[in-house]
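Structure, as structure tokens:
In the UniProt record's numbering, the protein residues as written are 1 to 219.
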């Protein structure tokens with residue numbers, strides 16, 4: 001499932017408010033805001049290298065990528081908000097009751113787990129949480145950090161990243177009584193909508209007791 005196919009099903013709410021953790025150069029953000037002309041999007045990305053990000057993208061991140069994202073998304077005006085922070089520090093910058101959360105930053109298990117824990121309360125009931133690159137299916141390759149390190153190439157360049165997305169989603173599913181789906185490399189779930197149970201009618205008081213039956217008439 002190409003992630004751009006997610007737009008119709010998960011990002012189409014009129015006046016929806018969405019959060020993307022890991023914006024990079026703004027490719028997916030641009031597609032989302034173009035697809036939904038009334039949506040608002042918060043783009044969280046520190047645009048800085050940091051220890052613990054076991055990904056070849058961590059070698060090149062910086063102002064060039066940030067400036068490219070800002071330029072690409074500037075046409076959407078105030079519909080986009082850039083939050084240039086680590087996701088762990090950006091929670092207070094995000095409003096409550098967002099309609100969707102897209103996680104595509106550090107794919108390591110402990111980082112995805114932290115994003116789920118930190119942002120789940122921000123998602124409105126009925127909203128979707130999606131994790132990109134949920135490719136960690138071969139348990140025999142999982143390391144002590146909960147990750148599967150994948151090596152691949154793109155345009156002749158050797159790349160790598162550590163992935164623990166699916167593991168984090170499955171564990172969060174079990175802890176919160178959720179139902180996680182996975183289509184190709186996208187893991188997602190919908191936050192349950194609370195079921196409102198009508199209040200029971202109050203028990204009748206003593207004054208509502210049945211009147212005693214009249215005595216039979218004498219003959």
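Idealized CB from N, CA, C, for every residue including glycine.
Check, Outcome
"For residue 40, the first and last residue of its enclosing beta strand (DSSP E)", "40-44"
"Best match in 86, 98, 126 and 84 for proximity to residue 39 [C-alpha to C-alpha]", "98"
"Whole-number beta carbon distance between residue 11 and residue 35, since they are thought to touch under 8 Å", "6 Å"
"Distance, residue 62 Cα to residue 49 Cα", "7 Å"
"Residue 151 in three-state terms, based on DSSP", "strand"
"For residue 11, three-class secondary structure by DSSP", "coil"
"Counterpart residues of residue 23 in DSSP-defined beta bridges", "Note: residue 23 sits in no beta bridge, so no partner."
"CB-CB length for residue 129 against residue 191, believed under 8 Å", "7 Å"
"Residue 105 vs residue 21 beta-carbon contact at 8 Å", "yes"
"Coarse secondary structure for residue 79, derived from DSSP in three states", "helix"
"Extent of the continuous beta strand (DSSP E) run through residue 128", "123-132"
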